[in-house]
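Mapping to the working numbering: the sequence shown position 251 is 241, numbers consecutive. The beta-carbon is built from N, C-alpha and C at its ideal position, and this holds for glycine as well. Remember, it's a predicted structure, so these values are computed and weren't measured experimentally.
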Amino acid sequence: MVRQTGLQYTGLHRLVDEGDAGDEYNFSPPALDSQVPDPVRNFNGTVVETGPLRASLEARFDLVVYEGLRPDRQARSDRETVLPVRLRLSLEADIPRLDLELEIINRTPDHRVRAHFPLPFQVVESAADTPFHVTRRPVIGPRRDPGAAEIELPTYPMWSFVDVSDGRAGLALIADGLHEYEVLPGNPPELALTLLRAVGWLSREDLTTRTGHAGPGMATPGAQVLGGHRLRYSLFFHQGDWEAGGVWRMAESTLTPLVVGHGPAITTAAPRIELAPDVIQMTALLPRPDGYELRILNASDGPREASVHIEPRPSEVTSVTLAGDLRESLALAHGMVRLSLPAWGIATLRVRI
């Protein structure tokens, strides 16, 4: 149950293993795919942290899967093998975010493992971040246009997060280095995150999802990703859609947490850069001999007035192009500059101390 929205989520993080007779270009299930019944075995869960700021649970279990494909690649092998799994779940006080760390040892080829998250609401689109943008995509099933060489699979890329919502409440999946997701239509719909995909060929010509080769027919045994993997991702429960819920800012703080360290005593006011509103994101900070360049993005679908508060107060702030050419000098008032940005607009500020 999420306090902020009153929604109850059930069945979160169901691990789903599927056969994969595809290549590095395309996923392709075998003609006769199958899953091991009751694949989670030898489950053991413990409480590992109960502090006032964070609580953590840890589970260890075996994920039982079929071992590769038959020689004709039309179905999965009948042999079973065990993938050892360690899963840690952590909650921090007063933050509606569940952090997950999963360790898995892959011992078999030609399969895909995903984590599924059933949703307590219907969705018509997903919203995933890409460089300098959030892309909305409709929730649809696989389809093949007449004459097309391949089936259009609704697995999509994301940079650091994907969000689904019904406009009143939403769930954001924030991932560190995991960049493929899918929203599966249904009742309930499910959000799926690809954890690992094991294939042995750069390209093959016998896929069910594509006609012919997509590249050289070269064996790539390293793409079977055998061995241990440690994966990190989070679930952020919020009100409204991704923009109203502050998903971009939450993803940034989750994946780039503060680093605590020792240093010399500070005898002056601490330097800082404050951006407002929350949709204004810092995307780069580049040092210069007389100061630095600050690049910001209006991460929203509408125009915004951005305010940038800089301490120590700079002597001059100018707007420059991405190539560094001067655009205009900006008015400074008590260390703050204001500028208007269009939807998804980018601005580079040259700050002289």
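Do you know offhand how far residue i's Cα is from residue j's?
{"i": "ALA41", "j": "GLY131", "result": "The question names Ala, but residue 41 is Gly in the sequence shown. In a straight line, the C-alpha of GLY41 is about 44 Å away from that of GLY131."}
{"i": "PRO175", "j": "ASP119", "result": "21 Å"}
{"i": "HIS106", "j": "PRO136", "result": "31 Å"}
{"i": "THR198", "j": "ALA333", "result": "41 Å"}
{"i": "ALA23", "j": "ALA266", "result": "Reading off the sequence shown, one finds Asp at residue 23, where the question assumed Ala. So the two alpha carbons sit approximately 51 Å from each other."}
{"i": "ALA139", "j": "GLY253", "result": "59 Å"}
{"i": "GLN271", "j": "SER193", "result": "39 Å"}
{"i": "ASN34", "j": "PRO74", "result": "12 Å"}
{"i": "ALA45", "j": "ASP315", "result": "50 Å"}
{"i": "VAL310", "j": "THR273", "result": "15 Å"}
{"i": "PRO144", "j": "LEU2", "result": "21 Å"}
{"i": "ARG102", "j": "LEU47", "result": "26 Å"}
{"i": "GLY202", "j": "ARG127", "result": "27 Å"}
{"i": "LEU163", "j": "LEU225", "result": "5 Å"}
{"i": "HIS228", "j": "PRO86", "result": "7 Å"}
{"i": "GLU242", "j": "THR210", "result": "34 Å"}
{"i": "ALA188", "j": "LEU161", "result": "28 Å"}
{"i": "VAL38", "j": "MET208", "result": "46 Å"}
{"i": "PHE317", "j": "ARG220", "result": "Going by the sequence as given, residue 317 is Arg instead of Phe. If you take the alpha carbons of ARG317 and ARG220, they lie about 46 Å apart."}
{"i": "VAL215", "j": "PRO279", "result": "45 Å"}
{"i": "LEU77", "j": "ASP166", "result": "16 Å"}
Can you list, in chain order, the residues of its chain whose CB lies under 8 Å from that of residue i, leaving out five sequence neighbours each side?
{"i": "MET326", "result": "SER297, VAL298, HIS299, ILE300"}
{"i": "GLY157", "result": "GLY230, ASP231"}
{"i": "LEU322", "result": "ARG303, PRO304, GLU306, VAL307"}
{"i": "LEU168", "result": "LEU183, THR184, LEU185, LEU221, TYR223"}
Within 10 Å of its beta-carbon, does residue i have 16 or more other beta-carbons around it, so buried, or fewer, so exposed?
{"i": "MET240", "result": "buried"}
{"i": "SER330", "result": "exposed"}
{"i": "VAL152", "result": "buried"}
{"i": "ARG69", "result": "exposed"}
{"i": "LEU276", "result": "exposed"}
{"i": "ILE256", "result": "exposed"}
{"i": "LEU287", "result": "buried"}
{"i": "PRO29", "result": "buried"}
{"i": "THR244", "result": "buried"}
{"i": "ALA313", "result": "exposed"}
{"i": "ALA182", "result": "buried"}
{"i": "MET(-9)", "result": "exposed"}
Which same chain residues end up closer than 6 Å to residue i when comparing Cβ atoms and leaving out the 5 residues on each side of it in sequence?
{"i": "GLY58", "result": "SER67, THR98, PRO99, ASP100"}
{"i": "SER319", "result": "THR308"}
{"i": "SER305", "result": "ARG342"}
{"i": "SER18", "result": "ALA11, GLY12, LEU197, THR198, THR199"}
{"i": "THR36", "result": "GLU48"}
Could you spell out where the alpha helix (DSSP H) holding residue i opens and where it closes?
{"i": "MET361", "result": "Here the chain has residues from -9 to 343 only, and residue 361 is not among them."}
Could you check where the beta strand (DSSP E) with residue i kicks off and where it finishes?
{"i": "ASN16", "result": "Per DSSP, ASN16 belongs to no beta strand (DSSP E) and is neither H nor E."}
{"i": "GLU170", "result": "170 to 174"}
{"i": "PRO302", "result": "Looking at the DSSP string, PRO302 is not in any beta strand (DSSP E), and its letter there is neither H nor E."}
{"i": "GLY160", "result": "159 to 166"}
{"i": "GLN271", "result": "270 to 278"}
{"i": "GLY217", "result": "217 to 229"}
{"i": "HIS123", "result": "123 to 128"}
{"i": "PHE111", "result": "Element bounds for PHE111: n/a, residue is neither H nor E."}
{"i": "VAL38", "result": "30 to 40"}
{"i": "ILE94", "result": "87 to 96"}
{"i": "GLU82", "result": "70 to 82"}
{"i": "TYR56", "result": "44 to 56"}
{"i": "ALA(-9)", "result": "Contrary to the premise, residue -9 reads as Met rather than Ala in this sequence. Element bounds for MET(-9): n/a, residue is neither H nor E."}
{"i": "ASN288", "result": "281 to 288"}
Compare the C-alpha of residue i against each of the options and name the closest.
{"i": "ASP84", "options": "LEU339, GLY212, LEU197, ARG(-7)", "result": "ARG(-7)"}
{"i": "ARG294", "options": "THR184, ALA337, TYR282, LEU276", "result": "ALA337"}
{"i": "GLU170", "options": "ASP13, SER150, GLY202, ALA159", "result": "SER150"}
{"i": "ASN6", "options": "LEU53, GLY335, ARG87", "result": "First, the amino acid is wrong: residue 6 is Val here, not Asn. That would be LEU53, whose Cα lies nearest to the Cα of VAL6."}
{"i": "GLY236", "options": "LEU168, VAL250, VAL124, LEU143", "result": "VAL124"}
{"i": "PRO247", "options": "ASP89, LEU143, ALA188, PRO277", "result": "ASP89"}
{"i": "SER290", "options": "ARG328, PHE122, PRO29", "result": "PHE122"}
{"i": "ALA352", "options": "ILE141, GLY292, ARG262", "result": "Residue coverage of the chain in this structure runs from -9 to 343, which leaves residue 352 outside it and unanswerable."}
{"i": "ASN32", "options": "PRO279, PHE51, GLN25, LEU43", "result": "PHE51"}
{"i": "GLY191", "options": "LEU181, GLY212, LEU185", "result": "Here residue 191 turns out to be Trp, not Gly, going by the sequence shown. The shortest Cα separation from TRP191 among LEU181, GLY212, LEU185 belongs to GLY212."}
Within a Cβ cutoff of 7 Å, which residues of the same chain sit near residue i, ignoring the five residues on either side of it in sequence?
{"i": "TYR15", "result": "SER193, ALA204, GLY205"}
{"i": "VAL344", "result": "A question about residue 344 goes unanswered here, because the residues of the chain that appear run from -9 up to 343."}
{"i": "PRO110", "result": "LEU(-3), GLN(-2), TYR(-1), PRO178"}
{"i": "PRO20", "result": "GLY9, ALA11, LEU59, ARG63, GLN64, ALA65, ARG66"}
{"i": "GLY218", "result": "GLU93, ILE95"}
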